[in-house]
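Here the sequence shown is numbered in my numbering, starting from 71 and rising by one per residue.
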Amino acid sequence: MKKIILIIFCCFFFGKTNAQQENAFSQYHLNPFMLNPAAAGVNKLHTIFMHGRFQWTGLPNAPKTGLISYEAPFGKIGLGAIIFSDRVASLNRFGANFAYAYRSRINRFTLSIGLSGHYQRFYLDNSAIHGVENPDDIVLNDAMDGLNVYDANLGVYLSSNKMYVGFSVPNLVQARLNTIGSNISTISQLSRQYIFTAGYKHLPEKEMFSVEPSILIRKIETLPIQALLTMKIGMMADRFFTAFTYGTTDVITMTLGYQIMPEGKVAYSYDYSLGGIYRYTGGTHELSLIHI
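Right, dumping it as structure tokens:
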């Protein structure tokens, strides 16, 4: 029985990986580079961003995601790199992005165009063979050997000191995913995505607090449009901030952040599902460390 379940999971994981192909974070507004290669170095600072997401903590073997990114400006050029890892039970995804962006000034705005190479590896770890009648099964061994996938991401980013607008296309090439095992002939591919982000920062005259509404709209070719609407409020010259996010998947998020040192910030988010499924899945936690 476990073998049958494993095969079903493997086919889903390798052939229909829409939900796993791109990282989705509630704290998207803290690091635009996560979603758009054109944002590399746009803040004109060397920035390290470390992030962890622990989803559906009420379930065993729930999804976990870790990510670290680095971006830096070099004149009109921005360079950046992202390394990430996902795990759901025995199913794993490891990947890396390497981004190049070119910036130009248009009056008081900066226009950036970026491109990144994208590598992903999908595989099952050794825990997948526990309790399996035939651990030498070809399908299972192929899944444990994994699948390497290469693709590209393209982005455009327009920004000023008060606003930003970005558009990116992950999985531009739509690399093919040959499902595990020689006996399974199904061929799928990475689904192209279209991601739009925008935000505006309002600073009152006395600058005691700031208000920053933002939006993220994501369209995966095989899924309905999803959106996140966020209102971020900064206080004490942005040393402390809070944000409230509503997702069209009936999820609300509260974020708290604090500047723990002149070059460092920490942020924590909690996702709460408005649907009845919350009783079974529990909440989702995100934690970020930012060094500038």
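Don't be surprised by glycine CBs; every beta carbon is placed ideally from N, CA and C.
Beta bridge pairing from DSSP links isoleucine 362 with no other residue. Of the residues Thr351, Val226, Ser174, Tyr338, the one whose Cα lies closest to the Cα of phenylalanine 95 is Tyr338.
Nearest in C-alpha terms to alanine 171, of all of Gly184, Thr180, Phe164, is Gly184.
Runs of alpha helix (DSSP H) with 4 or more residues, each lying fully within the stretch 103-139, are absent. Asparagine 162 sits away from aspartate 215, with the two beta carbons spaced by 8 angstroms or more.
For methionine 305, DSSP records a beta bridge to Phe279, Phe310. Between leucine 228 and valine 235, the gap from beta carbon to beta carbon is short of 8 angstroms. Residue pairing for tyrosine 189: DSSP places it in a beta bridge opposite Ala166, Tyr220. Within a 10 Å sphere around the beta-carbon of valine 321 sit 16 or more other beta-carbons, which makes this residue buried. Taking the Cα positions, valine 281 is about 30 angstroms away from tryptophan 126. Tyrosine 342: member of the beta strand (DSSP E) spanning 334-343, first to last residue. Look at leucine 293 here: in three-state DSSP terms it is coil, with no helix or strand label. In the DSSP annotation of this structure, the continuous segment of the beta strand (DSSP E) that includes serine 155 starts and ends at 147-158. Rounded to whole angstroms, proline 294 and leucine 129 show a C-alpha spacing of 26 angstroms. The three-state secondary structure of threonine 351, taken from DSSP, is helix. Burial is judged here by how many other beta carbons sit within 10 angstroms of a residue's own beta carbon; histidine 272 has fewer than 16 and is exposed.
Exposure of glycine 334 is indicated by the presence of fewer than 16 other C-beta atoms within 10 angstroms of its C-beta.
Among the bridge pairs identified by DSSP, glutamine 244 is matched with none. Within the same chain, and ignoring the five residues on either side of isoleucine 287 in sequence, the residues whose Cβ sits closer than 6 angstroms to its Cβ are Phe266, Ala297. The C-beta separation of alanine 245 from leucine 260 comes to about 5 angstroms, placing the pair in contact by the 8 angstroms criterion. In this structure, phenylalanine 154 sits away from threonine 180, with a CB-CB distance that is not shorter than 8 angstroms.
Contact between isoleucine 118 and histidine 361 is confirmed by a C-beta separation of about 4 angstroms, below the 8 angstroms threshold.
CA-CA distance, lysine 114 to arginine 173, rounds to 11 angstroms.
Per the coordinates, the alpha-carbon of isoleucine 176 lies some 18 angstroms from the alpha-carbon of proline 143. Under the three-state reduction of DSSP, leucine 273 is assigned to coil, being neither helix nor strand.
Of the residues Pro240, Gly269, Pro332, Ala313, the one whose Cα lies closest to the Cα of glutamine 97 is Ala313.
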